[in-house]
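J.: Numbering (UniProt numbering), first residue to last: 1 to 346. C-beta: ideal position from N, C-alpha, C; glycine also.
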């Protein structure tokens with residue numbers, strides 16, 4: 001007898017996770033990503049260049065990691081470790097921030113009373129792993145197997161003034177646990193603050209880790225289409241020429257002389273002009289005025305203008321077209337002018 005699969009039900013569950021998940025953009029530069037080896041990739045993250053667009057199954061997988069934190073906490077409490085996951089002064093997770101609030105993160109917890117070191121406080125970091133990742137972790141330890149996690153803990157130790165960390169991980173395939181104590185490395189932590197400050201201060205993409213698209217870290221990067229291809233980044237205030245990160249943790253729009261909330265930055269506006277270096281894979285800026293930029297397509301040498309005036313291309317149009325030659329196509333431009341139309345994603 002055939003199996004009566006409930007495919008529609010499962011697909012609707014996955015779609016629910018996709019519909020209720022955000023675009024992956026974070027208001028701050030996270031300590032959880034500062035350990036990435038490519039500074040350009042981190043800059044792209046900070047500047048909201050590539051929205052998250054994953055399958056619902058993967059969003060559910062991420063939630064599984066968060067749900068595991070309660071179980072880790074219960075396990076530690078069960079053996080007598082005193083662990084706090086909420087700052088009693090705020091009623092929220094322990095937060096750290098630096099660089100005028102542009103750089104920060106959230107601690108999973110602070111623990112005291114570990115059998116191996118009962119009298120020292122520890123920053124506690126909790127992670128879930130696939131079987132392959134878990135085996136590598138057991139073989140190499142956190143620093144070599146998961147350098148981003150190691151770096152994240154170093155930043156948290158520095159900010160909290162707690163000189164020890166405890167890393168607990170679970171193999172999602174068989175529930176095997178792994179624990180490791182990490183000591184504070186001041187030099188490593190300071191390097192991360194310097195790295196964060198460099199990324200925050202830059203008004204253009206930093207150097208990438210490798211220029212070859214086949215480089216293994218590039219192949220796995222969610223920004224590859226804009227870094228090494230001809231995809232234009234997401235259109236929002238963080239990718240706009242007019243915005244700057246100012247002292248005091250504020251994002252200021254120089255076009256309208258206004259400090260923007262996180263939600264306003266996400267919305268963007270019709271005056272958006274790409275930071276020219278973000279389009280450098282397919283176009284070179286030739287000239288510019290206060291509210292427009294003239295570009296030359298690298299393939300053909302033909303020119304197009306992006307700006308606020310009628311007839312000038314909006315940033316949303318540049319992002320919409322995969323074939324950039326449409327930007328200088330005479331028939332397309334005649335239709336745009338005749339019907340006051342705009343190019344849209346197919």
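If you compare alpha carbons, which of 337, 76 and 330 is closest to residue 309?
T.: With distances taken between Cα atoms, residue 309 lies closest to 337.
J.: For residue 102, which residues of its own chain have a beta-carbon under 7 angstroms away from its beta-carbon, when the five flanking residues on both sides are left out?
T.: Hits under 7 angstroms: 28, 29, 200, 245 and 249.
J.: What is the rounded straight-line gap between the Cα of residue 86 and the Cα of residue 147?
T.: Roughly 26 angstroms separates the two Cα atoms.
J.: Apart from the five residues on each side of it in sequence, which residues of its chain come closer than 6 angstroms, Cβ to Cβ, to residue 126?
T.: Cβ neighbours of residue 126 beyond the five flanking positions: 69, 72, 108 and 168.
J.: Determine the direct distance from the alpha carbon of residue 299 to that of residue 211, and round the result to whole angstroms.
T.: Approximately 19 angstroms between the Cα atoms of the pair.
J.: Name the DSSP bridge partner or partners of residue 178?
T.: In the DSSP output, where bridge partners are listed per residue, residue 178 has 169.
J.: So is residue 334 buried or exposed if we call it buried at 16+ other beta carbons inside 10 Å?
T.: By the 10 Å Cβ count, residue 334 comes out exposed.
J.: What distance in whole Å lies between the Cβ atoms of residue 206 and residue 43, which are believed to be in contact at a cut-off of 8 angstroms?
T.: Their Cβ separation, rounded to whole angstroms, is 5 angstroms, which keeps residue 43 and residue 206 in contact under 8 angstroms.
J.: For residue 315, which residues in the same chain have their Cβ closer than 6 angstroms to its Cβ, ignoring the five residues on either side in sequence?
T.: Excluding residues within five positions, the ones whose Cβ falls inside 6 angstroms are 235, 272 and 274.
J.: Between which two residues does the alpha helix (DSSP H) containing residue 237 stretch?
T.: Segment: none, residue 237 is in no alpha helix (DSSP H) and carries neither H nor E.
J.: Hey, would you say residue 104 sits closer than 7 angstroms to residue 96, going by beta carbons?
T.: A contact, by the Cβ cut-off of 7 angstroms.
J.: Cβ of residue 165 within 7 angstroms of Cβ of residue 129?
T.: Contact flag unset, no.
J.: On the three-state DSSP scale, how would you describe residue 7?
T.: The answer is helix: DSSP assigns residue 7 an H, G or I state.
J.: Is the Cβ-Cβ distance between residue 317 and residue 343 less than 7 angstroms?
T.: In this structure, residue 343 lies closer than 7 angstroms to residue 317 by Cβ.
J.: Do three or more CB pairs link the region 281-299 to the region 319-327 at distances below 8 angstroms?
T.: Output reads yes: the region 319-327 touches the region 281-299.
J.: Measuring only the C-alpha atoms, how far is residue 17 from residue 63?
T.: When rounded, the distance between both Cα atoms is 9 angstroms.
J.: How about the region 214-221 and the region 168-186: do they share at least three Cβ pairs that are nearer than 8 angstroms?
T.: No, they do not touch.
J.: Could you give the distance in angstroms between the alpha-carbon of residue 160 and the alpha-carbon of residue 31?
T.: Looking at the two C-alpha atoms, the distance is approximately 13 angstroms.
J.: Can you check which of these residues, 209, 329 and 319, is closest to residue 38 by C-alpha distance?
T.: The option with the nearest alpha carbon to residue 38 is 209.
J.: Among 170, 51, 94 and 190, whose alpha-carbon lies nearest the alpha-carbon of residue 319?
T.: Considering only alpha carbons, the answer is 51.
J.: Drop a sphere of 10 angstroms on the beta-carbon of residue 339, count the other beta-carbons inside from all chains shown, and report buried for 16 or more, exposed for fewer.
T.: The residue in question, residue 339, is exposed, as its Cβ has fewer than 16 Cβ neighbours within 10 Å.
J.: Could you spell out the range, first to last residue, of the alpha helix (DSSP H) harbouring residue 1?
T.: Segment: none, residue 1 is in no alpha helix (DSSP H) and carries neither H nor E.
J.: Residue 362 bridges to which residues according to DSSP?
T.: What the structure shows of the chain is the stretch from 1 to 346, and residue 362 is not part of that stretch, so it cannot be assessed.
J.: How many angstroms separate the CA atom of residue 99 from the CA atom of residue 48?
T.: Rounded to whole angstroms, residue 99 to residue 48 spans 18 angstroms at the Cα level.
J.: In or out: residue 233 buried (at least 16 other Cβ within 10 Å) or exposed?
T.: Buried: at least 16 other Cβ atoms inside 10 Å.
J.: Hey, quick one: how far does the beta strand (DSSP E) through residue 292 stretch, first residue to last?
T.: 292-297 is the span of the beta strand (DSSP E), which, as asked, contains residue 292.
J.: Which residues in the same chain as residue 173 place their Cβ atom closer than 6 angstroms to its Cβ, once the five residues preceding and following it in sequence are excluded?
T.: Taken in chain order, the residues that qualify are 131.
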